[in-house]
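Position in the sequence shown (from 1) plus 4 gives the number in the working numbering.
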Amino acid sequence: MECIESPHNRTFKHLHRLAIDNHYRRKNGLLIVEGKKEIDSALAHGYPIELLCFDQKHLNNNEQKNYAYIPSITLHHQLFSKLVYRENSSSVIGIFKEPDLSLTNINLSPQPLIVILEGIEKPGNVGAILRTCDAVKADAVIVSGKNHSFFHPNTIRSSVGTLFSMQLAVGYEEEILQWCKLHHIKIYSAALQTNSLYTQVDYTGGTAFVMGAEDKGLEEFWRKSSDLIIKIPMLGHNDSLNVSVSAAVLLYETIRQRS
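Structure, rendered in C-alpha cells:
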C-alpha cells in the first residue's frame with residue numbers, strides 16, 4: 005500500500021484541497037467521510053467510494069483487511085491530521101462520490117414527511133436535523149437553493165452517519181413548491197408571526213416543514229407559498245428555539261398524530 009509522506013505529493017494536495025475547499029469538493033463531485041462508523045454507513049447505503057486513507061500512526065491490520073477490496077493509501081500522521089475536521093477524531097477517511105441530489109430521485113411513502121431547509125448555514129444544525137429525520141423515518145430532507153452543506157465534515161459528524169440513510173435533494177424554491185404540489189404535500193412554515201399553534205394542525209397527510217435560519221427567519225417566498233404558517237409557543241424571554249430543536253418538536257408531533 006502506498007504511503008505518502010510529503011506535503012508536495014500530488015495526491016495529498018488533491019486530498020487536502022478536498023478537505024478545506026467546499027467549492028472544490030462540489031466541482032469534483034466528491035465528499036470526505038471521517039471515521040469507520042460513518043464510512044460503513046455510507047457503504048451500506050450505496051455511496052460509491054473512490055479511496056480510503058489510513059493514518060500511518062494508527063494502522064489497524066484487521067481494519068485494513070475489512071476494506072481490502074477498496075483502493076487505499078496511508079499517510080504520515082502529520083499529513084493525515086490536515087485532512088480531518090477534528091484532529092485525532094479518526095484513523096481512516098473515505099473519499100466518496102457525491103450522489104445526484106435531484107428532486108426526481110426521491111421515493112415517497114404513502115404519507116410523505118419532508119423537511120425543507122432554507123438558509124440554514126451551520127453544518128452542525130443540518131446534521132442534528134438529519135439525525136432527527138432518520139429517527140422519525142422522514143422521507144427526505146431538501147435544501148431550498150443550490151448552496152447546501154449536506155456533505156460538510158461537521159454535518160456528517162453531527163448526523164452520526166445517519167445522513168447516508170436519508171434521501172437528500174437540492175432545488176430552487178419554485179421547483180420545490182411545484183414538486184410538493186405534484187405529490188399533494190402540504191407545506192407548513194415555522195415562524196412566530198402567526199396565531200396558528202403547531203399542535204392545532206393535522207399532519208396525517210403529506211407534510212413538509214420549512215425550517216429557516218434563526219437569525220434571518222423565512223424568506224418571503226415561503227411565507228407566501230406555505231399552506232399555513234405555524235408557531236411553537238415561546239413562554240420565556242427568548243423568542244426562538246435552535247432550528248434543530250424546532251424541527252424535532254414538529255416532527256415528533258407529526259409522529260404522535262400518525263401513531
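C-beta: ideal position from N, C-alpha, C; glycine also.
- In the displayed model, Asp44 falls within a helix according to three-state DSSP.
- Residue environment: Thr166 is assigned as buried (16 or more neighbouring CB atoms within 10 Å of its CB, all protein chains considered).
- Glu9: not part of any alpha helix (DSSP H); DSSP gives it neither H nor E.
- Of the other Cβ atoms in all chains shown, fewer than 16 fall within 10 Å of the Cβ of Thr208; this residue is therefore exposed.
- Taking the Cα of Ala194 as reference, the smallest distance to any Cα among Asn66, Gly216, Arg135, Lys41 is reached at Gly216.
- Per DSSP, Leu83 is one residue of the alpha helix (DSSP H) stretching across 81-84.
- The C-beta separation of Leu254 from Phe225 comes to about 20 Å, leaving the pair out of contact by the 8 Å criterion.
- Burial state of Pro52 is exposed, judged by a 10 Å Cβ sphere holding fewer than 16 other Cβ atoms.
- For Met5 against Ile77, the beta-carbon gap comes to about 6 Å, under 8 Å, which counts as contact.
- Between Leu245 and Ile236, the alpha-carbon positions lie close to 9 Å from each other.
- Note on geometry: alpha-carbon atoms of Ile120 and Asn129 lie some 13 Å from one another.
- Leu83 sits close to Ile8, with the two beta carbons spaced by under 9 Å.
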